[in-house]
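Visitor: So that we are looking at the same thing, I have put the structure below in structure tokens.
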Amino acid sequence: MKKIKTAIFLSGEETNFKSIYDTCLEKNCPFEIEIVISDRRCKGYDLSKSLNKKTYIFENCEKITFEKKTNMVLKQNQIDLICLAGFMKILSEDFVKKWNKKILNIHPSILPLFPGLNTYKKVIQYGMKIHGSTVHIVNSKVDSGPIIAQSAITIDDLDNEISIEKKLKKSEHYLYPIAIKKYVIKTFFKNNKNSLKIEKNKYSNIIYSI
Ligand code: GAR
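If you're matching positions, the sequence shown starts at 9 in my numbering and goes up one per residue.
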């Protein structure tokens with residue numbers, strides 16, 4: 009089976025990248041991480057190097073230069089799909105248009121609630137009792153593209169920003185790989201309905217829709 013060539017974009021830690029990487033080691037995973045692109049020196053960059061992934065860093069440059077360099081390596085490596093994993097640059101409309109429906113993002117809230125930054129702070133401020141993450145297709149507006157999958161966690165009175173982030177990331181590590189798989193199967197392997205069923209049962213503790 010041809011695997012879908014994926015590029016991971018990251019800017020910070022590496023936990024979602026690592027969960028996607030681990031998923032790719034599964035025998036029937038329909039996608040593989042071909043390259044990793046970072047806009048700064050960060051934990052994710054270091055991890056990618058240590059895993060011997062093709063790793064690129066385009067730091068301290070204007071968005072236009074970053075995207076030009078990025079487009080070049082995406083083309084060179086024949087990339088099919090981009091997954092943003094804690095990538096903190098906002099991509100230009102031109103870039104998003106060029107990669108129409110081929111960029112996925114994970115955002116730490118149940119969109120359309122709390123787009124943008126500081127989600128944990130807002131969650132505490134509003135006294136939310138549940139919170140979650142969203143995997144969506146990137147469009148030209150920040151955090152507002154079509155939703156692929158969502159997960160939910162409960163918030164207790166004793167929770168703070170740190171404990172919420174910890175719980176949320178744990179759920180993201182299931183959510184993001186399964187969402188990518190679902191999207192890849194739906195988009196690139198339209199006739200493979202059986203694998204969708206298996207995944208749904210395996211991850212039934214996650215609330216999601218696709
Ligand atoms: C994740 O929680 C993800 O939802 C969030 O960044 C974190 C990255 O964690 N994404 C955004 O805030 C995008 N706007 P990681 O580096 O440990 O994978």
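Glycine included, C-beta positions come from ideal geometry on N, C-alpha and C.
#1: Helix or strand or just coil, what does DSSP make of T23?
#2: Using beta-carbon positions only, say whether D47 and S19 come within less than 9 Å of one another.
#3: Of the residues L92, K97, S148 and V81, which one's Cα is nearest the Cα of N108?
#4: Just to confirm, does M80 get its C-beta within under 8 Å of one of the non-hydrogen atoms of the ligand GAR?
#5: If you measure between the beta carbons of Y128 and P120, is that distance less than 9 Å?
#6: Among K130, V150, Q84 and N36, which has the Cα closest to the Cα of E101?
#7: What's the gap between the Cα of V143 and the Cα of Y184?
#8: Could you check if S141 is buried or exposed, using at least 16 other CB atoms within 10 Å of its CB as the buried criterion?
#9: Please list the terminal residues of the continuous beta strand (DSSP E) segment that includes Q158.
#10: Report all residues from its chain with a CB closer than 8 Å to the CB of S212; omit the five preceding and five following residues, and keep chain order.
#11: So for F122, helix, strand or coil by DSSP?
Guide: Reading it off the structure:
#1: Along the sequence shown, one-based indexing puts residue 23 at 15. In this structure, T23 counts as helix in the three-state DSSP scheme.
#2: Numbered from its first residue, the sequence shown carries residue 47 at position 39. Numbered from its first residue, the sequence shown carries residue 19 at position 11. Closer than 9 Å, so yes.
#3: The count along the sequence shown starts at 1 and reaches residue 108 at position 100. Checked all of L92, K97, S148 and V81; the closest Cα to N108 is S148.
#4: For this step, residue 80 is matched to residue 72 along the sequence shown. Not under cutoff, so the answer is no.
#5: What you label residue 128 is simply residue 120 of the sequence shown in a count that begins at 1. What you label residue 120 is simply residue 112 of the sequence shown in a count that begins at 1. Taking 9 Å as the Cβ cut-off, Y128 and P120 do not qualify as a contacting pair.
#6: Mapped onto the sequence shown, residue 101 falls at position 93. The shortest C-alpha separation from E101 is found at V150.
#7: Along the sequence shown, one-based indexing puts residue 143 at 135. Along the sequence shown, one-based indexing puts residue 184 at 176. For V143 and Y184, the distance between alpha carbons rounds to 7 Å.
#8: For the purposes of this step, residue 141 is identified with residue 133 of the sequence shown, where counting begins at 1. S141 should be labelled buried.
#9: Numbered from its first residue, the sequence shown carries residue 158 at position 150. Element bounds for Q158: I155 to T162.
#10: Residue 212 sits at position 204 when you count from the first residue of the sequence shown. The predicted position of S212 is uncertain, since its pLDDT is 44 and thus under 50; a value taken from the coordinates is nonetheless stated next. Correct list: empty, nothing qualifies.
#11: Working through the sequence shown from its first residue, we reach residue 122 at position 114. F122: coil per DSSP, three-state reduction.
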